[in-house]
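Enquirer: 329 is the number that the working numbering gives the last residue of the sequence shown; the numbers go up by one with no jumps. Note that beta-carbon positions come from the ideal geometry of N, C-alpha and C, so glycine has one too.
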Amino acid sequence: PKALAKVNEVPLLERNIKYLKNFGINDFVINIHHFGNQIVDFLKQNDNFGCKIEISDESEELLETGGGLVFARKFLDHGEDFLIMNADILTNINITELVEYHKKIKDFATLAVSDRESSRKLLFNDDMVLRGWLNVQSGEQRLAEFNKGFKALAFSGVHCINPLIFEKIKRTGKFSVMEEYLDLMQTEHIHGFLHDSILIDVGRPESVTEAEKHFK
């Protein structure tokens with residue numbers, strides 16, 4: 114599984130659990146699919162790194178980011194905000210600042226974004242409210258309004274969410290949460306949290322070398 118890929122001999126899952134623990138996060142839900150038993154065994158061997166960990170088992174069918182969120186609802190829908198983070202990224206985003214910003218603006222979703230190279234960009238207005246999406250390569254776009262002054266920023270794979278989202282999601286089964294955000298931006302405020310922290314997608318083999326320079 115990607116989550117067990119190693120950077121300087123330390124699996125991504127271990128790095129990310131410890132990274133989030135530094136910000137006082139001790140309760141986790143981990144969704145598993147391909148070779149999920151390896152992840153369960155790894156967590157057991159390490160005594161869950163001293164955290165409370167629930168497993169959301171998608172071994173029947175991988176449900177993507179949105180379907181996986183809905184599938185894990187029973188673990189997450191308890192009246193408290195929660196954080197979602199892709200397992201195959203490494204970052205040093207200040208999670209405390211992201212959560213404080215999310216609580217201040219009182220949205221049901223706040224997306225960490227940065228100004229970096231990416232084939233797909235999210236488009237924000239001056240108030241950092243999500244208003245569109247752009248495929249940089251094909252030129253395809255989805256807009257909530259026409260405006261030439263949007264900031265085009267790349268999603269960082271980290272978002273802070275209020276359980277209200279479960280009432281708003283219309284899709285079922287297998288779907289991307291980003292598709293849902295792009296539908297909801299027509300009627301809801303979804304904010305971006307702009308950061309300039311390191312962010313590496315370790316899902317690509319060539320990026321492991323880069324990650325090993327930044328994450329010892």
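Hey, I152 and P114: beta-carbon distance below 8 angstroms or not?
Expert: In this structure, P114 lies closer than 8 angstroms to I152 by Cβ.
Enquirer: Spatial neighbours of I274 within its chain, please: C-beta separation below 7 angstroms, excluding the five flanking residues on both sides.
Expert: Excluding sequence neighbours, I274 sits near D194, F195, I197, F221 and A222.
Enquirer: Round the Cβ separation of L203 and V315 to the nearest angstrom and send it over; I've been treating them as touching at under 8 angstroms.
Expert: The Cβ separation is near 6 angstroms, so the contact holds.
Enquirer: Could you tell me whether the stretch 203-212 touches the stretch 247-265, where touching means 3 or more Cβ pairs closer than 8 angstroms?
Expert: These segments do not touch.
Enquirer: Between the stretch 316-323 and the stretch 229-245, can you find at least three pairs of beta-carbon atoms closer than 8 angstroms?
Expert: Contact fails: fewer than three Cβ-Cβ distances are below 8 angstroms.
Enquirer: Counting C-beta neighbours from all protein chains within 10 Å, is the total for S310 16 or more, i.e. buried, or is it exposed?
Expert: Label assigned to S310: exposed.
Enquirer: Look at the Cβ atom of M241, then the Cβ atom of H308, and state whether they are nearer than 8 angstroms.
Expert: Result no, Cβ atoms of M241 and H308 do not sit closer than 8 angstroms.
Enquirer: Answer with yes or no whether the minimum CB distance from D220 to chain B is below 8 angstroms.
Expert: Although the question refers to chain B, the structure presented lacks it and comprises just one protein chain.
Enquirer: Going straight from the alpha carbon of H191 to that of F263, what length do you get?
Expert: Cα-Cα distance, rounded: 35 angstroms.
Enquirer: Which residues does DSSP list as the beta-bridge partners of E167?
Expert: Answer is V142, bridged to E167.
Enquirer: Where do the N-terminal and C-terminal ends of the beta strand (DSSP E) with S227 fall, by residue?
Expert: Unbroken beta strand (DSSP E) run through S227: A222 to S227.
Enquirer: Would you mind reading off the limits of the alpha helix (DSSP H) that contains N129?
Expert: L125 to K134 is the span of the alpha helix (DSSP H), which, as asked, contains N129.
Enquirer: With distances taken Cα to Cα, identify the nearest neighbour of F184 among E325, L295 and G286.
Expert: Checking every option, the nearest Cα to that of F184 belongs to G286.
Enquirer: Using only CA atoms, which one of Q250, S251 and R255 lies nearest to R244?
Expert: Of Q250, S251 and R255, the residue nearest in Cα terms is R255.
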